[in-house]
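Chemist: Residue numbers (this note's numbering): 2 to 395.
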Ligand SMILES: Cc1cc2nc3c(=O)[nH]c(=O)nc-3n(C[C@H](O)[C@H](O)[C@H](O)COP(=O)(O)OP(=O)(O)OC[C@H]3O[C@@H](n4cnc5c(N)ncnc54)[C@H](O)[C@@H]3O)c2cc1C
């Protein structure tokens, strides 16, 4: 079997892999990026919602932006919908395939060797074995550093005995024509019936179309929840839809030695919104920089990387995990009560000025100042968890 030496092997050509590979190539590292898809630009399931700040950090081309969002229509369980809006554009809706294509072509321009239709399937010590998806070619690659950017069910993670994120949310989504509330608003739906433990969404993509989808912590309820959501928004079950998983809950040992995981593979996803693009807009660059440090002799670049990304974004994701756990246990009745507080003038005005889909923890802290919030949450939570929530939020 042919053996290939390279400085860095990046597995996965989604945004995390493409961005990390680009950083390594700019720094002078010989970089191979493999992806098992025929065309790695064909993205994984994604609503394409990204904050303005994260979009700027990702550095995608504006041709990928299909819509601008300045408000949200909230559907609490049991009705009484309300809107929160801002005079500013808060987020973009982007075409993920275009973003992937642009990031990959940028990486290629910087010298990354991109090998589609190629998957990693085995390892022998620090060497890895890759195979073309039609099975016709196998190669051994001897990289100095491996970057696992191969999504929520990462093979790199499995082959190198690294830990998985603690929880998977199950998601389903379809783009369809729909009577939407407003092209500038996303809609979010809460409650057992439509999205147990998470939420459903409508993300307008322009031209009267929208991504309609949901995430739930209960995979068995995925299809029925989707039917319920579609009934609620007056849409038929679509012929084409996509499913996916959203990994949340950062593991302690997601990296090790010269193996670095990034993006979904490392659980770098916001537990409150399911957004992966915001963390990637920070961590992919760190992964690339750590790989370069490995090339210049640092013994455990993964330790350096873990410390860096935890301090820049990981701690915040951990805190948001607490909010996610509240959403999983709180009853529909109490959830409705809590959500409606967002519509009170003091909070609604604060959200209009400061609201930010990337940073929901400050909003939770602000809400927790209202005594009703603590009594509602704490009454319903098991003792130890209730104390933890009290300690963190007050
Ligand atoms: C339904 C849904 C909606 C979402 N909506 C949003 C949203 O609106 N906004 C947002 O910010 N986030 C959203 N997310 C999350 C977001 O899509 C992910 O966080 C993001 O795609 C992760 O990027 P990544 O580069 O880590 O992985 P991916 O984009 O999944 O890329 C991983 C790549 O690795 C390749 N690969 C896998 N295994 C191997 C192997 N063995 N060998 C070689 N290659 C391999 C795959 O082919 C793939 O191309 C959503 C997720 C879902 C499921």
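Backbone N, C-alpha and C define an ideal beta-carbon position, used for all residues, glycine too.
Please read all numbers here as calculations on a predicted model, not as lab measurements.
From the DSSP output, which residues share a beta bridge with residue 10?
Modeler: According to DSSP, which records beta bridges pairwise, residue 10 is partnered with 33 and 147.
Chemist: Counting C-beta neighbours from all protein chains within 10 Å, is the total for residue 226 16 or more, i.e. buried, or is it exposed?
Modeler: Per the 10 Å Cβ criterion, buried.
Chemist: Sorry if obvious, but does the Cβ on residue 105 come closer than 6 Å to a heavy atom of ligand 1?
Modeler: Not so, every heavy atom of ligand 1 lies at least 6 Å from the Cβ.
Chemist: Restricting to Cα atoms, I'd like to know which of 80, 72, 94 and 76 is closest to residue 61.
Modeler: Of the listed residues, the one whose Cα sits closest to residue 61 is 94.
Chemist: For residue 83, collect the residues of the same chain with a Cβ closer than 6 Å to its Cβ; drop the 5 residues on either side in sequence, then sort them by chain order.
Modeler: Contacts found: 75 and 344.
Chemist: Assuming residue 212 contacts residue 48 (C-beta within less than 8 Å), just tell me the rounded distance between them.
Modeler: About 5 Å separates the two Cβ atoms, so the contact holds.
Chemist: Rounded to the nearest angstrom, how far is the Cβ of residue 342 from that of residue 301, given a contact under 8 Å?
Modeler: No, residue 342 and residue 301 are not in contact; Cβ-Cβ is about 46 Å, not under 8 Å.
Chemist: Please report the distance separating the alpha-carbon of residue 255 from that of residue 150.
Modeler: Looking at the two C-alpha atoms, the distance is approximately 12 Å.
Chemist: Heavy atom of ligand 1 less than 6 Å from the Cβ of residue 41, yes or no?
Modeler: Within the cutoff, so yes.
Chemist: Can you give the beta carbon distance from residue 184 to residue 68, rounded, assuming they're within the 8 Å contact cut?
Modeler: Residue 184 to residue 68, Cβ: 7 Å. Contact.
Chemist: Along the chain, where does the alpha helix (DSSP H) that runs through residue 157 open and close?
Modeler: 156 to 160 is the span of the alpha helix (DSSP H), which, as asked, contains residue 157.
Chemist: Can you list, in chain order, the residues of its chain with a C-beta nearer than 6 Å to that of residue 141? Leave out the 5 residues immediately preceding and following it.
Modeler: The residues are 2, 4, 128 and 130.
Chemist: Please state the DSSP three-state secondary structure of residue 279.
Modeler: Three-state DSSP puts residue 279 in a helix.
Chemist: Provide the residue span of the beta strand (DSSP E) that contains residue 125, from first to last.
Modeler: Per DSSP, residue 125 belongs to the beta strand (DSSP E) from 119 to 125.
Chemist: When you measure from the CB of residue 38 to every non-hydrogen atom of ligand 1, does any distance come out below 6 Å?
Modeler: Yes, Cβ of residue 38 sits closer than 6 Å to a heavy atom of ligand 1.
Chemist: Is any non-hydrogen atom of ligand 1 found closer than 6 Å to the C-beta of residue 66, if you look at the structure I gave you?
Modeler: No, ligand 1 has no heavy atom inside 6 Å of this Cβ.
Chemist: Could you please give the first and the last residue of the uninterrupted beta strand (DSSP E) stretch that includes residue 170?
Modeler: Element bounds for residue 170: 168 to 178.
Chemist: So for residue 360, helix, strand or coil by DSSP?
Modeler: Looking at residue 360 - three-state DSSP - the assignment turns out to be coil, as it is neither helix nor strand.
Chemist: Taking only the alpha-carbon atoms, compute the straight-line gap between residue 269 and residue 189 and give it to the nearest angstrom.
Modeler: Distance between the alpha carbons of residue 269 and residue 189 is about 22 Å.
Chemist: Just to check, is the beta-carbon of residue 174 closer than 6 Å to a non-hydrogen atom of ligand 1?
Modeler: Residue 174 Cβ: within cutoff of ligand 1.
Chemist: So if DSSP puts residue 202 in a beta bridge, which residue, or which two residues, is it bridged to?
Modeler: 189 and 214, per the DSSP bridge assignment.
Chemist: Return the first residue and the last residue of the beta strand (DSSP E) that residue 85 is part of.
Modeler: Element bounds for residue 85: 83 to 86.
Chemist: Mind checking whether residue 266 and residue 388 have CB atoms under 7 Å apart?
Modeler: No; because the gap between Cβ atoms is not below 7 Å, this pair is not in contact.
Chemist: Tell me which residues share the same chain as residue 10 and place their Cβ nearer than 6 Å to its Cβ, disregarding the 5 neighbours each side in the sequence.
Modeler: So the list reads 33, 142, 144 and 147, once near-sequence residues are dropped.
Chemist: Any idea if residue 178 is buried or exposed, counting beta-carbon neighbours within 10 angstroms, 16 or more meaning buried?
Modeler: Label assigned to residue 178: exposed.
Chemist: Compare the Cα-Cα distances from residue 6 to each of 114, 63 and 40 and report the closest residue.
Modeler: Of the candidates 114, 63 and 40, the one whose C-alpha sits nearest the C-alpha of residue 6 is 114.
Chemist: Does DSSP put residue 229 in a helix, in a strand, or in coil?
Modeler: Helix.
Chemist: Relative to the C-alpha of residue 23, which candidate in 105, 201, 8 and 71 has its C-alpha closest?
Modeler: Closest by alpha carbon: 105.
Chemist: Please determine if the stretch 376 to 384 and the stretch 356 to 367 are in contact, where contact requires at least 3 C-beta pairs separated by less than 8 Å.
Modeler: Verdict: no, contact absent.
Chemist: Is there contact here, the stretch 270 to 279 with the stretch 241 to 249, by at least three beta-carbon pairs under 8 Å?
Modeler: As far as the Cβ criterion goes, the stretch 270 to 279 touches the stretch 241 to 249, which means the pair count is three or higher.
Chemist: For my contact list, residue 281 and residue 20 are in at a C-beta cut-off of 8 Å; report their separation, rounded to the angstrom.
Modeler: Indeed they touch by this definition, with Cβ atoms about 7 Å apart.
Chemist: Specify the secondary structure class of residue 455 as computed by DSSP and reduced to three states.
Modeler: A query on residue 455 cannot be resolved here, the shown segment of the chain reaching from 2 to 395 and no further.
Chemist: By how many angstroms is the C-alpha of residue 191 removed from the C-alpha of residue 81?
Modeler: About 12 Å.
Chemist: Would you say residue 149 touches ligand 1, meaning its beta carbon is less than 6 Å from a heavy atom?
Modeler: Residue 149 Cβ: outside cutoff for every heavy atom of ligand 1.
Chemist: Using a Cβ-based criterion (distance less than 6 Å to any ligand heavy atom), does residue 179 qualify as near ligand 1?
Modeler: No, since every heavy atom of ligand 1 falls outside the 6 Å radius drawn around the Cβ of residue 179.
Chemist: Pick out whichever of 215, 390 and 36 has its Cα sitting closest to the Cα of residue 116.
Modeler: Checked all of 215, 390 and 36; the closest Cα to residue 116 is 36.
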